[in-house]
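> Before I ask anything, here is the structure I am working with.
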Amino acid sequence: MLLRNLDVSSGMCNGTRLIVKELQRKCILCTFATGSNKGKDTFVPRITCYEDKNLPFRLKRTQFPVKLAFAISINKAQGQSFGRVGLYLPEDVFAHGQTYVALSRARSKNELFIKSSSERLLNVVYKEIL
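Taking full-length UniProt numbering, I'd label the letters of the sequence shown as residues 1 to 130.
Structure (C-alpha cells):
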C-alpha cells in the first residue's frame, strides 16, 4: 500500500493498493491492484523525508513510501471495495458512520466476516446531524 500522494492524477495516492513485481535499488516496480489503473505497471521511487519536530537535530530519512497491507483500518478502506472482508471489532467503533463504512466495503454480504467481542454492533449516529 502506498503511504504518500506521489502523483494523484495518475492514481499514485495515499492508500493505493499495489502488487510488488520487482525491487530495485532506487525504485520498486509495481502493478496497480485495483481501480481504473488495475493491471498497469508503475514505479514507486525512494523519497526523502525530514523530521525535526521535538528533536534537537534534523533527521533525514530516505525510504520507499510503501508498507505491507494484509490488514487496513476502516478509514484507509473508505472508498474501496473488496471481494472478501473480515472485520475484527474487539470493541464498538468510535466515530459516526464507521460501522457503515466497514460493512459496506464487501461486494457481497456472503463475503463479509465479522469477529466481535459482543453479539451486537453499535452504529454511532449523531442525531443532531440528521
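Ideal placement from N, C-alpha and C gives every residue a C-beta, glycine not left out.
In the DSSP assignment, the beta strand (DSSP E) including residue 89 goes from what residue to what residue?
85 to 89
> For residue 30, is the classification buried or exposed, using 16 other Cβ atoms within 10 angstroms of its Cβ as the cut-off for buried?
buried
> Would you call residue 113 buried or exposed, if buried means 16 or more other Cβ atoms sit within 10 Å of its Cβ?
exposed
> Return the chain-ordered list of same chain residues with a C-beta closer than 6 Å to the C-beta of residue 76, the five sequence neighbours on each side being excluded.
15
> Specify, as a first and last residue, the run of the alpha helix (DSSP H) that residue 98 falls within.
98 to 103
> Leaving out five residues before and five after residue 64 in sequence, what residues of the same chain have Cβ atoms less than 7 Å from its Cβ?
28, 44 and 46
> Out of 11, 24 and 58, point me to the one whose CA is closest to residue 40's CA.
11
> To the nearest whole angstrom, what separates the beta carbons of residue 48 and residue 60, a pair I think is in contact under 8 Å?
6 Å
> Nearest to residue 80 by CA position, among 57, 33 and 52, is which residue?
For residue 80, the closest of 57, 33 and 52 by C-alpha to C-alpha distance is 33.
> Using a Cβ-Cβ cut-off of 6 Å (strictly less than) and excluding sequence neighbours within five positions of residue 90, which residues of its own chain qualify?
117, listed in sequence order.
> Would you identify the three-state DSSP class for residue 10, choosing helix, strand or coil?
helix
> Using the C-alpha atoms, what's the distance from residue 52 back to residue 13?
25 Å
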